[in-house]
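In my numbering, the protein residues as written are 103 to 379.
Structure follows, in structure tokens:
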């Protein structure tokens, strides 16, 4: 695992202005450029791309696309939206800056660039943080410092990945917000997915979901109580059958009491004999 050292920030990582002599701005054949399949951002709004494409059609690409050489082609480090918009407008060439980066720097740049523009959905951010942890040994503290976030923000983002895939899908598509997700993390797993589905389909606000959760938890607890009562009734019946006398179980949250009735000394001795066997 690579040793991780964050904290440079986007400007220092790109360092384009300070290294103009080393990083030549060139016009590159768009077919030589490929997107990075491991880029944190997976979802792109068609509406946003259309707006950017219109701007590029009128004014051209003002900010060059940052790429690195990978074999016979060049892979995008920063500027995939510009690349997609240019492809949409059928540009033959685009302005690029070619620069060498480590895998660690590529991931960090992609995260910082997208997060600063709020382009990443919560799950894309969380998956990016997880990659920094898993692949480069970054601590949550290091990630937070590098991205200008607090450590609890990073921790809470990573917790989102513990949710079921159906909920992650809603978050990726913008059907649920991170606020919805944090609420869902606090509820019992048995009712979590159903609550998420209802919130997404009915477009509930975070406040409305909170009310729904309170209502659902009361129902869930009542159902659990009924289930438990049925189990205790079965135990009572089993004991009564074995001992041939009335048995009752009373209980509280952590403890309880079993009462075995007898109606004569002979009956008591019979019960003792059964229990002694």
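Even for Gly, the Cβ is constructed at its ideal location relative to N, Cα and C.
Residue j beta carbon less than 8 angstroms from that of residue i
i           : j           : result
residue 364 : residue 373 : yes
residue 142 : residue 249 : no
residue 297 : residue 287 : no
residue 167 : residue 185 : yes
residue 170 : residue 200 : yes
residue 276 : residue 308 : no
residue 224 : residue 273 : yes
residue 347 : residue 360 : no
residue 321 : residue 295 : no
residue 306 : residue 283 : no
residue 202 : residue 159 : no
residue 154 : residue 187 : yes
residue 337 : residue 315 : no
residue 189 : residue 245 : no
residue 137 : residue 174 : no
residue 376 : residue 340 : no
residue 253 : residue 237 : no
residue 317 : residue 226 : no
Secondary structure of residue i, DSSP reduced to three states
i           : result
residue 137 : coil
residue 369 : helix
residue 275 : coil
residue 207 : helix
residue 265 : coil
residue 191 : coil
residue 379 : coil
residue 374 : helix
Alpha helix (DSSP H) segment containing residue i, residue limits
i           : result
residue 247 : 242 to 249
residue 287 : 280 to 287
residue 127 : First-last for residue 127: 127 to 131, but that is the beta strand (DSSP E), not the alpha helix (DSSP H).
residue 257 : 253 to 261
residue 232 : 224 to 238
Rounded distance between the beta-carbons of residue j and residue i, thought under 8 angstroms
i           : j           : result
residue 178 : residue 135 : 6 angstroms
residue 209 : residue 230 : 7 angstroms
residue 228 : residue 262 : 5 angstroms
Residue i - containing beta strand (DSSP E), residue span
i           : result
residue 350 : 349 to 353
residue 195 : 195 to 200
residue 346 : Looking at the DSSP string, residue 346 is not in any beta strand (DSSP E), and its letter there is neither H nor E.
residue 359 : 358 to 362
residue 175 : 175 to 180
Test: residue i CB closer than 8 angstroms to a CB of chain B
i           : result
residue 270 : The structure shown contains no chain B, having only a single protein chain.
Could you tell me which uninterrupted alpha helix (DSSP H) segments, each at least 4 residues in length, are contained entirely in the region 143 to 172, listed from first to last along the chain?
Correct list: 148 to 161.
Any alpha helix (DSSP H) of 4 or more consecutive residues that is wholly inside the region 285 to 324
The region 285 to 324 contains, as complete alpha helix (DSSP H) runs of 4+ residues, the segments 291 to 303 (chain order).
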